[in-house]
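Take a look at the structure below.
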Amino acid sequence: MIPLFLLAASLLSSSALAATTCNGDDSLCDRSYSNMTFLGAHDSYAVGTSLADDQSSGVTDQLNDGIRTLQIQAHNMSDGIHLCHSACSLLDGGLMESYLAEVNTWVSANPNEVITIVIVNSDSLPPTAYESAFQSSGLQSHVYSPPSAAIAFNAWPTLGSLIDAGTTVVVFMNYDADFNQVPWIIDEFSNMFEDSYNDVDTTWSCAANRSGSNPASSLMMVNHFLDVVYDLAGTAIYIPDKDAINTTNSESSLEIHVDNCMTLWGRHPNHILLDFYNSNGNAPFDYVAQLNGVPAPTTNVQAVAPGGGENSSSGNGTDSSNQAQISSSSRSSTGSGGAYGRAGMLPTESWTLTVSLIGMGLGGGVVSLWL
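Numbering (mature numbering (1 follows the signal peptide of the UniProt record, and there is no 0)) for the sequence shown: -18 to -1, 1 to 353.
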């Protein structure tokens, strides 16, 4: 018979956190997921040098450098779900399963790191359509499954408890999530709001732009990337403002955005999405460490100019063969919040914009690369 004092000690130890380091610091093990700020890669899979790319380094490098939120855009194709930028004819990042397998390899090797995946469900697929990619990649066994469809802000688990359970991947989907069908794909806007995207100025308001619940009691994701808009035959085309990327990804720019969030909501954002996250080396990571109240990370993030990185196996953007040349002999200065960030002018450089001439409909309107 086990002595009562030994049984009591055993029960107490089983309820204590086993994890001693969580996301790089022991002080974060008792920190709620909802009380963390994670740096994220917008369009994590869109890696390369074309106008439709948003990152310079592949997903393994992103995670190694300290990115902890991965935003991906899913499209239904004949051979499975692909990660594409607005349309697979514009940029095809390959099968979702391959991308998730690469993430799974990293997650398995880094069991004390909590990460987040945000799925943009572009083709309104049911959540069951995503089960196969998660299962076959091996990642589903690491995914957190909440007790309910909507999680109260203060009810999110701590990083330590997620790590102890081996469920270190939190998955959100923007539309068509269904807790009764797939409980581990969490409905984004029942639990989190986003501020505006496709911004062409640097006001970084942090006002709720998309939400399905009370923003004051929801997680917060901010889109800290800047676009420029060009006019092509009456069609507005949004592309990343690569000329401004070092300013956009600077600590001072991030601070403006976060300060606006503090003014509106009284707290820091939970997720900060960047284009070309490593353009400024360690700067964004050091700033997020400050927000979390921990020392700056020791990882040395090499500064990579947009389009200057190496593609990873799952991060290669494949351009369509349908191309439209965009060129101009002049370029205006940055607009101040009007409809066109470059006053409607086309870029000086002779760039090749890959578009699906049929699918994108260049007869007038807006072509947004969802940048």
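Cβ atoms here follow ideal geometry from the backbone N, Cα and C, with glycine treated the same way.
Exposure of residue i, with buried meaning 16 or more beta-carbon neighbours within 10 Å
| i | result |
| --- | --- |
| glutamine 122 | buried |
| alanine 1 | buried |
| serine 106 | exposed |
| glutamine 44 | buried |
| glycine 40 | buried |
| methionine 244 | exposed |
| proline 129 | exposed |
| aspartate 61 | exposed |
| threonine 140 | buried |
| glycine 76 | buried |
| glutamine 117 | exposed |
| glycine 216 | exposed |
| proline 288 | buried |
| threonine 110 | exposed |
| asparagine 196 | exposed |
| tryptophan 138 | buried |
| serine 234 | exposed |
| alanine 134 | exposed |
| alanine 198 | exposed |
| valine 153 | buried |
Close Cβ partners of residue i (< 8 Å) along its chain, the five nearest in sequence each way excluded
| i | result |
| --- | --- |
| alanine 189 | Asp177, Ser178 and Leu246 |
| phenylalanine 267 | Leu21, Asp47, Gly48, Ala278, Pro279, Thr281 and Val283 |
| threonine 149 | His124, Val125, Tyr126 and Ser127 |
| valine 164 | Pro109, Thr110, Tyr112 and Glu113 |
| leucine 255 | Gly22, Ala23, His24, Thr51, Gln53, Met203, Val204, Asn205, His206 and Phe207 |
| valine 276 | Gly6, Asp7, Ser9 and Leu10 |
Whole-angstrom distance between residue j and residue i, CA atom to CA atom
| i | j | result |
| --- | --- | --- |
| glycine 263 | asparagine 162 | 42 Å |
| glutamate 79 | asparagine 191 | 30 Å |
| valine 29 | serine 172 | 30 Å |
| methionine 155 | aspartate 7 | 28 Å |
| threonine 19 | aspartate 47 | 16 Å |
| alanine 147 | tyrosine 212 | 48 Å |
| arginine 249 | aspartate 241 | 9 Å |
| asparagine 136 | arginine 50 | 21 Å |
| valine 85 | methionine 59 | 21 Å |
| serine 71 | serine 16 | 37 Å |
| threonine 31 | leucine 65 | 17 Å |
| aspartate 181 | leucine 208 | 5 Å |
| alanine 226 | phenylalanine 175 | 26 Å |
| leucine 344 | threonine 87 | Only weak support exists for where leucine 344 lies, its pLDDT of 42 falling under 50; the coordinates are left without a value. |
| serine 200 | valine 151 | 19 Å |
| asparagine 92 | methionine 203 | 24 Å |
| threonine 230 | glutamine 272 | 18 Å |
| glutamine 53 | asparagine 205 | 11 Å |
| isoleucine 168 | valine 100 | 9 Å |
| aspartate 36 | proline 222 | 7 Å |
| leucine 236 | aspartate 257 | 13 Å |
| residue 417 | serine 193 | Here the chain has residues from -18 to 353 only, and residue 417 is not among them. |
| serine 90 | aspartate 74 | 26 Å |
| serine 68 | aspartate 12 | 39 Å |
| leucine 82 | alanine 132 | 25 Å |
| glutamine 55 | alanine 218 | 21 Å |
Residue span of the alpha helix (DSSP H) that contains residue i, given as start and end
| i | result |
| --- | --- |
| methionine 59 | That residue, methionine 59, is in no alpha helix (DSSP H); its beta strand (DSSP E) goes 51 to 59. |
| glutamate 170 | 170 to 173 |
| threonine 42 | 41 to 47 |
| isoleucine 117 | Sequence inspection shows glutamine at residue 117; the isoleucine mentioned does not correspond to that position. That run of the alpha helix (DSSP H) goes 113 to 119. |
Range covered by the beta strand (DSSP E) that runs through residue i
| i | result |
| --- | --- |
| leucine 73 | 69 to 77 |
| alanine 23 | 20 to 23 |
| threonine 98 | 97 to 103 |
| alanine 218 | 217 to 222 |
| tyrosine 212 | 209 to 214 |
| valine 204 | 201 to 205 |
Chain-order list of residues whose beta-carbon lies under 6 Å from that of residue i (same chain, five-residue window excluded)
| i | result |
| --- | --- |
| asparagine 274 | Thr19 |
| residue 419 | Outside the modelled stretch of the chain, which goes from -18 to 353, sits residue 419, for which no answer is possible. |
| histidine 253 | Phe20, Gly22, Thr51 and Met203 |
| glycine 120 | Asn86 |
| serine 14 | Trp138 and Thr140 |
Within-9 Å CB hit, residue i to chain D
| i | result |
| --- | --- |
| aspartate 225 | Looking at the structure shown, chain D is missing, and only one protein chain is on hand. |
Nonlocal neighbours in the same chain, by C-beta distance under 7 Å from residue i, ignoring five residues either side
| i | result |
| --- | --- |
| glutamate 157 | Note that residue 157 is tyrosine in the sequence shown, not glutamate. Cβ neighbours of tyrosine 157 beyond the five flanking positions: Asn103 and Ser106. |
| serine 232 | Asn262 and Ala265 |
Residue i CB to nearest heavy atom of the ligand FAD below 8 Å
| i | result |
| --- | --- |
| serine 60 | This structure lacks the ligand FAD, and indeed carries no ligand of any kind. |
Length-filtered (3 minimum) beta strand (DSSP E) runs lying within the stretch 126 to 164: Here the runs fully enclosed are 151 to 155.
Ordered list of alpha helix (DSSP H) runs contained in the stretch 225 to 279, each at least 4 residues: Runs of the alpha helix (DSSP H) inside the stretch 225 to 279: 227 to 230, 233 to 247 and 265 to 274.
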